[in-house]
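Right, one structure below, let's go through it.
The following block contains the structure:
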């Protein structure tokens, strides 16, 4: 089949399945989408790409790839406290494989529906499997959760649990069985959108954990011109993680493993109860450290001894 | 070098070179960009990807790749009559090659500067060379140039000249010398942004020629529920094209060659002088046919005989 015909067919296949919203004046099917931002709102835009063999193992199910491609982007909106609205999708495929596209859309659109986000445009192209998504959300002026607002003395918090995605990847690399609970965290991360919304007016800074807790906190330190002290023994771990790894491996996976897509945020000490109350209906939150005056990111164990990860940073899958 | 460190270094390299705008409240450096849409404007969003070996020959100069990646997206805004404002860039590279990135930015930012468009976010990732860009523009409500407004009896117009990019590709495929003028049209297309703006209130439909004139007109026919009759002997050709190809090859390249990024639009017959006057300072325009009641896209030669391209559709580079 002529590749352009195949592309039009794929786009039509996508168009037939998508939901829309009243603020989408013109969606898929023209040169560009036409969108109506609500009065008084500012626009929040993030863009992230997943490449096969780099950001996910090549044998990942198409539906999981679709879910994750949107999830990692929604996570960026969550980290800003934004309300998701629209997305565009660029899908590069080695061939016009409609089965792959159908499966991909199963995951992508399931998550889109959860967050009432409309797919409004993009393209399909021939090329190595790669998925690029741009998400658009709204935010009330002056309420965005940024990286540059952390204050000395603030508590440091994290949502959910850490290390599961990296643990699944570690099991995948080892070539043995992968715990299904861990694998689900790798393949179908939960973007903490409603938690991000709830933290407006409470958190002084926020970031999502994509590259690993310590690495991502480095960005907060730099942007806010502060340091951060992390209590590695306070990091929340799932049952599955505790069941599969020893204590030191758990610390390493939690502190340096990426792809968790939990929110890590700072908030004033006097707002501790407000944090717990606001978060309660959205996600568990754990206090894991404190903002200090300098010296970047330091990690201490429960006895106050400095802790160093055996392996610095997270390299995604590669 | 650790690949995440390399990624941060590349992002910093990009951040240092970009211009900003007063409506960019927060650009590169947080989880998402924070943008202020002007009051009363609607948002126009387009996204297009270029993959190496599919959308450009692998040996294309990095600066030309950068230019083209933004140009094909700006062309979509042009086809809507929108005013460009912001873009995001996702750059997948086989390795963290800073020389490539510097060259790429030379072309990308030169075009961005011409159109006062700010790069506000995106990501870099490891993977086969692929460039995904999302562009954002503004449009006054009710003035967007869409594909669905063509009316029976309207004139059909095209800007600039057609076939040069496909001609360069044809010479490239043949393995011989490539005419520099033709090659420039392939590598550095001119998005017709100011022409698109000038056509608001005049054109009844508009599309940019990316896949080939006849193929792209098929979308207009479908969206507007009309037919179109194209006079293939009226199609504008450059000097370079006339110098390098015979009459039948020229027709074929003009009618079916893609990557021209000219605007093709319909307008009422009584607005002929308005079209010429509005276009005059932006780009030459040529009347190439008429909107008719049905039967999709038909092409006729000067003597009124139906013309069929030897090769249907345009396959980009592949």
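Residue numbers (the working numbering), protein chains in the order written: chain P, 1 to 318; chain D, 1001 to 1318.
Backbone N, C-alpha and C define an ideal beta-carbon position, used for all residues, glycine too.
Item, Value
"For the segment 29–51 of chain P, which residues have a CB atom closer than 9 Å to at least one CB atom of chain D, in sequence order?", "29, 30, 31, 32, 33, 34, 35, 36, 37, 39, 41, 42, 43, 44, 45, 46, 47, 48, 49, 50 and 51"
"Is it true that the CB of residue 137/P sits closer than 8 Å to the CB of residue 28/P?", "no"
"Can you tell me the Cα-Cα spacing of residue 316/P and residue 1128/D, whole angstroms?", "Per-residue confidence for residue 316/P stands at a pLDDT of 48, beneath the threshold of 50, marking its modelled position as unreliable; the derived number appears in the next sentence. When rounded, the distance between both Cα atoms is 16 Å."
"Can you tell me which of the three DSSP states residue 1190/D falls into?", "coil"
"With DSSP collapsed to three states, give me the class of residue 83/P.", "strand"
"Rounded to a whole number of angstroms, what is the C-alpha to C-alpha distance between residue 1255/D and residue 70/P?", "38 Å"
"Drop a sphere of 10 angstroms on the beta-carbon of residue 1073/D, count the other beta-carbons inside from all chains shown, and report buried for 16 or more, exposed for fewer.", "buried"
"By the criterion of Cβ-Cβ separation under 7 Å, what are the contact partners of residue 130/P in chain D?", "1092, 1127 and 1130"
"I want to verify the contact list: residues of chain P whose CB lies under 9 Å from the CB of residue 1207/D, in sequence order.", "30 and 31"
"If the cut-off is 7 Å on Cβ atoms, which residues from the segment 269–296 of chain P count as contacting chain D, listed in chain order?", "none"
"Taking all protein chains shown into account, do 16 or more other C-beta atoms lie within 10 angstroms of the C-beta of residue 264/P, making it buried, or fewer, making it exposed?", "buried"
"If you drop the 5 nearest sequence neighbours on each side, which residues of the same chain put their C-beta closer than 8 Å to that of residue 177/P?", "171"
"Quick check on the DSSP output: what are the complete alpha helix (DSSP H) runs of length 4 or more inside the segment 1206–1288 of chain D, in order along the chain?", "1213–1224, 1239–1244, 1247–1256 and 1272–1280"
"Looking at C-beta atoms only, is the number of pairs between the segment 181–195 of chain P and the segment 236–246 of chain P that lie closer than 8 Å three or more?", "yes"
"Under the rule that 16 or more other beta-carbon atoms within 10 Å means buried, what is residue 1320/D, buried or exposed?", "Because chain D is modelled from 1001 through 1318, residue 1320/D falls outside the range shown and cannot be assessed."
"Do you know how far the Cα of residue 10/P is from the Cα of residue 1052/D?", "21 Å"
"Could you have a look at residue 306/P and say whether DSSP puts it in helix, strand or coil?", "strand"
"For the segment 161–189 of chain P, list every residue whose C-beta sits within 8 Å of some C-beta in chain D, in sequence order.", "none"
"What is the rounded straight-line gap between the Cα of residue 118/P and the Cα of residue 285/P?", "29 Å"
"Could you tell me the distance, in whole angstroms, from the CA atom of residue 361/P to the CA atom of residue 110/P?", "Past the boundaries of the shown model lies residue 361/P; chain P is included only from 1 to 318, so the question cannot be answered."
"Provide the residue(s) that pair with residue 1132/D in DSSP beta bridges, ordered along the chain.", "1049/D and 1090/D"
"For the beta strand (DSSP E) that residue 156/P lies in, which residues bound it at each end?", "155–159"
"Residue 139/P versus chain D: which residues are under 8 Å apart at the beta carbon?", "1034"
"Along chain D, which residues have their Cβ under 7 Å away from the Cβ of residue 66/P?", "What residue 66/P touches in chain D: nothing, since even the nearest Cβ is about 17 Å away."
"Going by other Cβ atoms of all chains shown within 10 Å of its Cβ, with 16 needed for buried, is residue 302/P buried or exposed?", "exposed"
"Would you call the segment 151–171 of chain P in contact with the segment 1082–1099 of chain D, where contact means no fewer than 3 C-beta pairs closer than 8 Å?", "no"
"Residue 1124/D and residue 1093/D - do their beta-carbons sit closer together than 8 Å?", "yes"
"Which partner residues does residue 44/P have in the DSSP bridge list?", "137/P and 1034/D"
"List the endpoints of the continuous beta strand (DSSP E) containing residue 1101/D.", "No beta strand (DSSP E) contains residue 1101/D, which is instead part of the alpha helix (DSSP H) from 1098–1114."
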